[in-house]
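Here is the structure we will look at.
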Amino acid sequence: MTSPATTSPPSGRARLAPALLWAAGAALVAYAFVAGGYLVTVLGFAALYAIFVTGLNFFMGYTGQVSFGQNAFAAIGGYTSAVLTTAYNWPVFAAMPLGIGAAALLALAIGYPTLRLRGHYLAMATLALGMIVQEIAVQWDRVTMGYTGIAAIPPLGAFGRELPNERAQLAALLAALALAVWVASRLKHSRLGHALAAIAGSEDAARALGIDVARYKLIAFVVAAVYAAFAGSMFAHFVGFVSPEVFGLHMVVLGFTMLYVGGIGTVYGPLVGALIISLLPETFRGFKEFQDLAYGAALIVILIYAPKGLASLARLWTRRGAAPDAAAAATAGTSRGDAGAAR
Amino acid sequence: MSLLSIEGVTQRFGGLTAVDSVSCAIAPGTISAIIGPNGAGKTTLFNLISGFQKPVAGRIVFDGHDITGMAPHRIAARGLVRTFQLVQLFPDLTAAQNVEAGCHLRGSGGLWAALARTASARRELADAAATARELLAFVGLQARADLPATALTYGQQRLLEVARALAAAPRLLLLDEPAAGLNALETDHLARTLDAIVARGVTVLLIEHDMSLVMRVASRIVVLDFGRRIAEGTPEEVQRDPAVLEAYLGGVDLAAGGGSAHA
Amino acid sequence: MPETTFLIQTLVSGVGTGFIYGLIGIGFCVIYNASGIVNFAQGVFVMLGGMITHALLTRAGLPLPLAALVAVVAVALIGVVIERAVVRPLWRRNATMFVMILATLAAQIVIERLTLLAAGDQPKTLPGFSDAAPLRIGGIAIGVQLLWIAGVSLLLVGALALFFARTRTGRAMRACAINREAAALMGIPVARMLGFSFALSAGLGAVAGILITPTQYTAFNVGVPFAISGFIAAILGGFGSALGAFAGGIMLGVAQALAIVLFGAGFKNVAALSILLLFLLARPAGLFGKAH
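Residue numbers (my numbering), protein chains in the order written: chain H, 2 to 344; chain Z, 147 to 409; chain X, 66 to 357.
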């Protein structure tokens, strides 16, 4: 018999873990502000990736769809910011919305034909999209400077003033992240969010209940693209440099690993995943080939053994009853049906 | 006037004619049933009515509007809602959340309403939550509201699917084998629930193998065999129909119930 | 008319590349038919075919035919390893389509990175299979490697057709494609078919990779673009039909060659994606399938 423990109010022990996690996160951020230096950079990356992964989570976790091309939208956000602020001296807050708008339009154009079809079409179309945007970033060197990339991108700022130092930049990033998470949480707990959850659960059932599946998938895809472009643009201003390599497939794999480590489908999972993976010392220093190898392998292991993320492992550990994963749950109806018929 | 009228509807898969020029009419405020041996084309007919498949010929008229080949979500929006032979719940959600997600057609808020969390968006959410509680109580699942859908027994999952379909505010509810896998007690509960659904003003059309249930609740029965309508009438008429007796393996006594010949 | 000659020359080389895309596309279909899985690690087979042959040729000093043969067998085995280690645990659990895609893509990246560590990032090429002078018809030169590509591809497609029509295993795989549950009930070992389909598909990919490498180059990261092209070929062919995928591959190869003439080499993948999107809009069921 399935124990009702999975949704009953969390016991003291279960409530303690998230509280400790939040406290640790807050302490870490506070320490970074005091100490400055490398930790500020690491947390900045974590915040950028948390925004990116929150968008990924919106499309994959909430809606149950797959996109391998979120790096394309990040690249559009990043390059639009980079080009407009360096070559044309646009202010940051004019360049950023333009990049985000462009990414949203592209998401509409790609999503409209492919989202009506079975999932693997979208998966492959988005994978191709990521490569193509990267290729354009390399080939269109008059604008993008090719492999060299664009350097000396102005930092975040407004009304002609740049934020004075890295700590202020980090504060801005954390505010952006808070906004991103707040928006995701609002959207999740709404009629729209309910429709997305229905689509993730069963497209046929969603249709039968009057949900325009293609339309809602498209909305989710565009929202995810907006998140990616936002993260890409913030990246350009935080790091001051973009190149085709920054927005490669590497970014997608890293994003997926963070999403699965933190727990797919939860509001705070992307935060946890981005923080953990960013803090692992090798993440943002050298040895890219080992990184991708490690993240790819870790991703496979998590997919096989902890499909709901490391959070589900923790649940297995604190509770005796196994948490049923999504796939087992999806087939449970059928197997129970057999059991029922046999009665 | 009939709520649903099916006029010469035909569907083919390759060389096989799954539904062969079937016609029938469903009167409002009734429970009707489609019965027939396995492979008779019952579920295919449901798929055609609910828009999940497009017929190659024929016309389906719901409430005076031609809905032939219309997208499923548009048909649902007109008030024709279906359930599935294999339960299709949202496995990651609780029972209550399943029904709340089913309330989609009762609201209208989109992206902006969700972002701004307007007064109407908040009201919609509260209404959906209230509707979910009410419908779960209606089917007798109020004590299970906060359990994950997958933690419910099979019979409860069936009832949850009915509650979720009711959340879409249907005028015609298509139920595909609602009693499959239920025990006698649960079937009895289902029968009373069906009567209560009609009392709410919802017309019901069901596919069912459980003859005792069909004979008990349905006022009209359509019998399909090899995609053709071989009989239509009241339970009494259908039970006496020689073509029906022939189709059911050379005459199992339908009145004896059980329907075990095809289970 | 030098323009016409150039155009025909371009088309000929496009057909050659198209054969390769076709073989990769068939690889997608073989696995999809046996299991309903779209294997996003398909590109590694193509990459490994070329890379392993190169390693055997230069490091172990094997003659080319032997090196190629060993490479095909090795890649087929790697296909089985991926199936056992990554795909089967998820398949058993009835994992969703997107989890399967993600896992196979992750496998692609892991193997890509292992290859990078083992062989470095320098592009490598293979010698042509024979050094006869190109065939000249009018002003058009047809490289001998192109003839090899055409010959081997057509031979393989013919052999596959015979395999699916005549052999027990081939028929069993077709039964799986039509209805896996029914096939299982008939006593066909569906799980073993899954492993076999990965071996077959990997072998096909390896052959494609070995055939194409002498005309261009191979490196640790050529897999994904090849996989995308092969996938587009499979879609054009209606996803599931091996012959359709082959025809789709040729069509894609020609279209890409034309795009290179018109817009330059940098945009050949842009052209491929555009073709894909146009097709998905107009004929989601492929060249030969019935559009819904």
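All C-beta atoms in this analysis are idealised placements derived from N, C-alpha and C, irrespective of residue type, glycine included.
N-terminal and C-terminal residue of the alpha helix (DSSP H) that residue i is part of
i	result
I195/Z	K188 to I195
I176/X	M162 to A184
V139/H	G120 to Q140
D205/H	E204 to A209
M61/H	No alpha helix (DSSP H) holds M61/H; DSSP gives it neither H nor E.
D273/Z	A265 to F284
W258/Z	L257 to A262
M97/H	V93 to T115
N72/H	Q71 to T87
V138/X	L129 to I147
S262/X	V255 to I277
C249/Z	Where C249/Z is concerned, there is no enclosing alpha helix (DSSP H), given that its DSSP letter is neither H nor E.
V268/H	Looking at the DSSP string, V268/H is not in any alpha helix (DSSP H), and its letter there is neither H nor E.
Residues sharing a beta bridge with residue i, DSSP
i	result
H211/Z	F208/Z
K189/X	T283/X
Q157/Z	V165/Z
R375/Z	L370/Z
T240/Z	P294/Z
S178/Z	L351/Z and R366/Z
L318/Z	L226/Z and T349/Z
Residue i, enclosing beta strand (DSSP E) - first and last residue
i	result
V165/Z	L162 to I172
T349/Z	T349 to I353
A152/H	Where A152/H is concerned, there is no enclosing beta strand (DSSP E), given that its DSSP letter is neither H nor E.
A330/X	Looking at the DSSP string, A330/X is not in any beta strand (DSSP E), and its letter there is neither H nor E.
Collapsed DSSP secondary structure at residue i in the structure displayed
i	result
S151/Z	strand
S244/H	coil
I340/X	helix
V202/Z	coil
E68/X	helix
A206/X	strand
S4/H	Unreliable placement is indicated for S4/H, whose pLDDT of 40 sits below 50; no coordinate value is reported for it.
E163/H	strand
L200/X	strand
D293/H	helix
M361/Z	helix
Y306/H	helix
G322/H	In this prediction, G322/H scores a pLDDT of 38, lower than 50, which makes its location untrustworthy; no coordinate-derived value is stated.
Q107/X	helix
E332/Z	helix
H190/H	coil
G288/X	helix
N98/X	helix
P388/Z	helix
Y394/Z	coil
Beta-carbon proximity of residue i to residue j, cut-off 8 Å
i	j	result
G194/H	A260/Z	yes
C421/X	N98/X	Residue 421/X cannot be examined here, being either before or after the span of chain X that is shown, 66 to 357.
G249/H	Q135/H	yes
V233/Z	Q288/Z	no
G56/H	Y296/H	no
L370/Z	G175/Z	no
G270/X	I89/X	yes
A315/Z	A209/H	no
V77/X	I205/X	yes
R338/Z	S178/Z	no
T190/Z	Q157/Z	yes
A47/H	A275/H	yes
A136/X	G114/X	yes
F332/X	A324/X	yes
T115/H	A108/H	no
T229/Z	V308/Z	yes
Supposed contact pair residue j and residue i - C-beta distance, whole angstroms, cut 8 Å
i	j	result
G314/X	Y86/X	4 Å
A237/H	I154/H	5 Å
G241/H	A76/H	That pair is no contact at about 16 Å.
P188/X	A284/X	4 Å
R317/Z	G225/Z	4 Å
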